Amino acid sequence: MPSAQIEVRREYSEADEAGLIEAVHGALVTAFQIPPQDKDVRLVVHAPHRFACSPRLTTPEFFTLVTVDCFAGRSVDAKRKLYTEIVGNLKPFGIPADHVTILVRDHPTSNWGIRGGQAASDLDLGFNVNV
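Below, the structure written as structure tokens:
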């Protein structure tokens, strides 16, 4: 049950905002093999002056930061697949591949309170974290 946040520096249409969320969620389903109904993705739109990025970017308004907090246990290969999937899924929105930064933060399942305040480490999650 990863929790993801997408941060951008420009306005998108409502349909594109929903598409960006689905793009990241779809990448998580594919790469981390989570159940499709485990969806926790937020989109934050910043005014460009409040979200600095590298001056080397050709179109800095398209800089996109995706942060994924997840249960520890995913392999480096699964993370590589996630990176590739996210970048590919964002391409239809005009976001250049080199304008996407992805940060994955692994947390022990004991650090997640879910399903009514239970530690995730005490539950059958219904999917394999070690992919």
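Going by our numbering, the sequence shown wraps up at 861, each residue one higher than the last.
Here a beta-carbon is modelled for each residue, glycine too, at the ideal position from N, C-alpha and C.
Note that the coordinates shown come from a computational prediction; the quantities given were computed from them, not determined experimentally.
Going by other Cβ atoms of all chains shown within 10 Å of its Cβ, with 16 needed for buried, is V774 buried or exposed?
Counting from one through the sequence shown, the residue named residue 774 turns up at place 44. Exposed: under 16 other Cβ atoms inside 10 Å.
Please report the distance separating the alpha-carbon of L787 from that of A748.
Sequence index remark: in the sequence shown, residue 787 carries index 57 (1-based). Sequence index remark: in the sequence shown, residue 748 carries index 18 (1-based). Each residue's Cα considered, the two are about 25 Å apart.
What distance in whole Å lies between the Cβ atoms of A802 and D836, which are believed to be in contact at a cut-off of 8 Å?
Along the sequence shown, read from residue 1 onward, the residue named residue 836 stands at position 106. Along the sequence shown, read from residue 1 onward, the residue named residue 802 stands at position 72. The pair is a contact, with the Cβ atoms about 4 Å apart (cut-off 8 Å).
Close beta carbons around T760, own chain, < 6 Å, minus the five adjacent residues each side:
One-based indexing of the sequence shown puts residue 760 at position 30. Only E815 meet the Cβ criterion.
Buried or exposed by the 16-neighbour rule on C-beta atoms within 10 Å, applied to T794
Within the sequence shown, numbered from 1, the residue matching residue 794 stands at position 64. Buried: at least 16 other Cβ atoms inside 10 Å.
So what does DSSP say about L795, is it helix, strand or coil?
As a working note, residue 795 is residue 65 in the sequence shown. Strand at L795.
Taking DSSP as the reference, what is the three-state secondary structure of V771?
Taking the first residue of the sequence shown as position 1, residue 771 is located at position 41. Strand at V771.
E752: first and last residue of the uninterrupted alpha helix (DSSP H) it sits in:
The residue labelled residue 752 in the question sits at position 22 within the sequence shown. Segment 744-762, the alpha helix (DSSP H) holding E752.
Which of helix, strand or coil DSSP assigns to R835
Taking the sequence shown and counting its residues from 1, one reaches residue 835 at position 105. Strand.
Along the chain, where does the beta strand (DSSP E) containing A734 start, and where does it finish?
As a first step, residue 734 must be located in the sequence shown, where it is residue number 4. First-last of the beta strand (DSSP E) with A734: 733-738.
Is G847 helix, strand or coil by DSSP?
Here residue 847 refers to the residue found at position 117 of the sequence shown. Coil, per DSSP.
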